[in-house]
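Below is one structure, written out as C-alpha coordinates, with a few remarks after it.
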Amino acid sequence: MEFKIEHTWDSLPVSHEPVTVRLKSGGAGLLMEVSAPFFNDPPAPLGEPGKPFSGLWDYEVVEAFFLSERTKQYLEVELCPHGQHLLLLLSGRRRVLKQELPLTFEVSRTETKWEGRAHLPWSYFPPCTDKFNAFAIHGSEAKRTYEALYPVPQHEIQKGLKPDL
(Lines of atoms letter the chains of each structure in order from A and count residues from 1; the text may use other names and numbers.)
(Lines give C-alpha, C1' and ligand atoms only; values in the text may rest on other atoms or scores of the structure.)
Protein backbone atom coordinates (compact mmCIF):
# COMPACT_ATOMS: atom_id res chain seq x y z
CA MET A 1 0.00 0.00 0.00
CA GLU A 2 1.22 3.48 -0.78
CA PHE A 3 0.18 6.67 1.01
CA LYS A 4 1.05 10.29 0.24
CA ILE A 5 1.05 12.97 2.93
CA GLU A 6 -0.30 15.94 0.98
CA HIS A 7 -1.76 18.15 3.73
CA THR A 8 -0.76 19.84 6.94
CA TRP A 9 -2.41 18.61 10.15
CA ASP A 10 -5.17 21.22 9.61
CA SER A 11 -5.98 20.21 6.01
CA LEU A 12 -3.97 22.84 4.11
CA PRO A 13 -2.01 21.58 1.08
CA VAL A 14 1.74 21.11 1.59
CA SER A 15 4.04 23.43 -0.36
CA HIS A 16 6.51 20.75 -1.46
CA GLU A 17 6.60 17.26 -2.92
CA PRO A 18 4.53 15.03 -0.62
CA VAL A 19 6.05 12.47 1.72
CA THR A 20 5.35 8.91 0.57
CA VAL A 21 4.90 6.01 3.00
CA ARG A 22 4.74 2.45 1.64
CA LEU A 23 3.69 -0.55 3.70
CA LYS A 24 4.47 -4.08 2.55
CA SER A 25 3.38 -7.16 4.47
CA GLY A 26 5.86 -9.98 4.89
CA GLY A 27 6.14 -13.19 6.86
CA ALA A 28 8.13 -11.69 9.74
CA GLY A 29 6.45 -8.30 9.82
CA LEU A 30 5.72 -5.11 7.97
CA LEU A 31 8.20 -3.26 5.79
CA MET A 32 7.72 0.50 6.08
CA GLU A 33 9.38 2.57 3.37
CA VAL A 34 9.60 6.37 3.44
CA SER A 35 10.47 8.73 0.61
CA ALA A 36 10.52 12.38 1.65
CA PRO A 37 12.00 15.80 1.02
CA PHE A 38 15.04 16.46 3.22
CA PHE A 39 14.77 19.79 5.03
CA ASN A 40 17.68 19.34 7.49
CA ASP A 41 15.72 21.53 9.89
CA PRO A 42 16.19 21.11 12.75
CA PRO A 43 19.75 19.75 12.45
CA ALA A 44 20.53 16.11 13.29
CA PRO A 45 19.91 14.82 16.81
CA LEU A 46 23.02 14.03 18.84
CA GLY A 47 22.12 10.33 19.07
CA GLU A 48 23.94 7.63 17.15
CA PRO A 49 22.44 6.77 13.73
CA GLY A 50 20.77 3.35 13.74
CA LYS A 51 19.87 3.58 17.43
CA PRO A 52 16.71 4.63 19.29
CA PHE A 53 16.62 8.29 20.31
CA SER A 54 14.19 9.51 22.97
CA GLY A 55 12.53 12.80 22.08
CA LEU A 56 12.95 12.23 18.35
CA TRP A 57 9.58 13.93 17.77
CA ASP A 58 11.38 17.26 18.34
CA TYR A 59 13.42 16.73 15.15
CA GLU A 60 12.69 16.10 11.47
CA VAL A 61 10.74 12.82 11.39
CA VAL A 62 8.15 10.76 9.61
CA GLU A 63 5.82 9.05 12.08
CA ALA A 64 3.33 6.22 11.71
CA PHE A 65 0.69 5.21 14.23
CA PHE A 66 -0.90 1.75 14.19
CA LEU A 67 -3.91 1.64 16.55
CA SER A 68 -6.20 -1.04 17.91
CA GLU A 69 -9.58 0.62 18.42
CA ARG A 70 -10.63 -2.29 20.65
CA THR A 71 -7.68 -2.21 23.07
CA LYS A 72 -6.73 1.50 22.62
CA GLN A 73 -3.11 0.39 22.30
CA TYR A 74 -0.97 1.78 19.51
CA LEU A 75 2.46 1.38 18.01
CA GLU A 76 4.22 4.68 17.30
CA VAL A 77 7.05 4.50 14.75
CA GLU A 78 9.33 7.54 14.33
CA LEU A 79 11.96 7.57 11.58
CA CYS A 80 14.56 10.31 11.14
CA PRO A 81 16.51 11.14 7.96
CA HIS A 82 19.71 11.13 10.04
CA GLY A 83 19.26 7.43 10.92
CA GLN A 84 17.82 7.58 14.43
CA HIS A 85 14.48 5.98 15.21
CA LEU A 86 12.04 5.56 18.06
CA LEU A 87 9.41 2.85 18.52
CA LEU A 88 6.90 3.02 21.35
CA LEU A 89 3.97 0.81 22.32
CA LEU A 90 1.40 2.89 24.14
CA SER A 91 -1.99 2.37 25.77
CA GLY A 92 -4.46 5.22 25.80
CA ARG A 93 -3.15 8.76 25.71
CA ARG A 94 0.65 8.66 26.00
CA ARG A 95 0.85 5.83 28.54
CA VAL A 96 4.04 4.05 27.48
CA LEU A 97 4.04 0.24 27.78
CA LYS A 98 7.30 -0.37 25.86
CA GLN A 99 9.86 2.09 24.55
CA GLU A 100 12.98 2.16 22.40
CA LEU A 101 12.10 -1.16 20.77
CA PRO A 102 14.96 -2.42 18.56
CA LEU A 103 14.58 -1.84 14.84
CA THR A 104 16.34 -2.61 11.58
CA PHE A 105 16.34 0.79 9.86
CA GLU A 106 18.35 1.88 6.84
CA VAL A 107 18.53 5.45 5.48
CA SER A 108 19.90 6.99 2.30
CA ARG A 109 19.98 10.74 1.84
CA THR A 110 20.91 13.42 -0.68
CA GLU A 111 20.90 17.19 -0.19
CA THR A 112 17.17 17.41 -0.97
CA LYS A 113 15.62 13.96 -0.43
CA TRP A 114 15.79 10.99 1.93
CA GLU A 115 14.57 7.42 1.89
CA GLY A 116 14.21 5.00 4.76
CA ARG A 117 13.35 1.32 5.20
CA ALA A 118 12.23 -0.09 8.53
CA HIS A 119 11.33 -3.70 9.29
CA LEU A 120 8.57 -3.80 11.93
CA PRO A 121 8.12 -7.25 13.53
CA TRP A 122 4.51 -8.39 13.90
CA SER A 123 5.11 -8.85 17.64
CA TYR A 124 5.40 -5.05 18.04
CA PHE A 125 1.84 -4.39 16.86
CA PRO A 126 -1.07 -4.28 19.31
CA PRO A 127 -3.63 -7.09 18.94
CA CYS A 128 -6.42 -6.29 16.46
CA THR A 129 -4.66 -3.30 14.87
CA ASP A 130 -7.28 -1.65 12.66
CA LYS A 131 -6.37 2.04 12.27
CA PHE A 132 -3.42 3.88 10.76
CA ASN A 133 -2.21 7.44 10.31
CA ALA A 134 1.11 8.95 9.29
CA PHE A 135 2.73 12.32 9.86
CA ALA A 136 5.74 14.27 8.64
CA ILE A 137 7.27 16.88 10.92
CA HIS A 138 10.04 19.36 10.13
CA GLY A 139 11.16 22.92 10.75
CA SER A 140 12.19 24.82 13.86
CA GLU A 141 10.28 27.12 16.19
CA ALA A 142 7.81 29.33 14.25
CA LYS A 143 8.53 27.36 11.06
CA ARG A 144 7.66 24.01 12.67
CA THR A 145 5.37 22.16 10.23
CA TYR A 146 3.11 19.19 11.00
CA GLU A 147 1.76 17.26 8.03
CA ALA A 148 -0.81 14.47 8.23
CA LEU A 149 -2.01 11.67 6.00
CA TYR A 150 -5.48 12.01 7.53
CA PRO A 151 -5.64 15.64 8.73
CA VAL A 152 -8.24 17.32 10.93
CA PRO A 153 -11.01 18.60 8.62
CA GLN A 154 -11.14 22.41 8.41
CA HIS A 155 -14.71 22.56 9.76
CA GLU A 156 -13.63 20.70 12.94
CA ILE A 157 -10.76 23.04 13.82
CA GLN A 158 -11.51 25.20 16.82
CA LYS A 159 -9.77 28.49 17.48
CA GLY A 160 -6.44 27.93 19.23
CA LEU A 161 -6.25 24.22 18.32
CA LYS A 162 -2.66 23.09 17.76
CA PRO A 163 -1.18 19.76 16.66
CA ASP A 164 -0.54 17.33 19.51
CA LEU A 165 1.59 14.46 18.30
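Sequential numbering from 12 applies to the sequence shown in the numbering used here.
Idealized CB from N, CA, C, for every residue including glycine.
Quiz item: Does DSSP put L23 in a helix, a strand or coil?
Solution: coil
Quiz item: Would you call the region 29-49 and the region 141-159 touching, i.e. three or more CB-CB distances under 8 Å?
Solution: yes
Quiz item: Sorted by chain position, which residues of the same chain lie with C-beta nearer than 8 Å to P164's C-beta, five sequence neighbours on each side aside?
Solution: Annotation for P164: S22 place their beta carbon closer than 8 Å to its own, counting only its chain and skipping 5 residues before and after.
Exercise. Could you tell me whether the region 96-103 touches the region 13-31, where touching means 3 or more Cβ pairs closer than 8 Å?
Key: no
Practice problem: Might you give, ordered along the chain, the residues of its own chain that have their beta carbon closer than 6 Å to the beta carbon of E117, omitting 5 neighbours on each side? | Solution: So the list reads R128, once near-sequence residues are dropped.
Quiz item: Hey, quick one: how far does the beta strand (DSSP E) through T123 stretch, first residue to last?
Solution: That residue, T123, is in no beta strand (DSSP E); it is neither H nor E in DSSP.
Quiz item: Going straight from the alpha carbon of F77 to that of E122, what length do you get?
Solution: For F77 and E122, the distance between alpha carbons rounds to 30 Å.
Practice problem: Report the rounded CA-to-CA distance for G38 versus V72, giving the unit in angstroms. | Solution: 27 Å
Quiz item: Under 7 Å, do L34 and M12 count as touching if we go by C-beta distance?
Solution: yes
Quiz prompt | F136 and L67 closer than 7 Å at C-beta | solution = no
Quiz item: Does the Cβ of G103 have 16 or more other Cβ atoms within 10 Å, making it buried, or fewer, making it exposed?
Solution: exposed
Exercise. Would you mind sorting E74 into buried or exposed? The rule is 16 or more other CB atoms within 10 Å of its CB.
Key: buried
Quiz item: For L57, which of helix, strand or coil comes out of DSSP?
Solution: coil
Quiz prompt | Of the listed residues P162, E158, H166, nearest to E28 (C-alpha basis) | solution = Taking only the C-alpha atoms, the option nearest E28 is E158.
Quiz prompt | Simplified DSSP assignment, three categories, for Y70 | solution = coil
Self-check item: Residues sharing a beta bridge with R106, DSSP
Solution: S102
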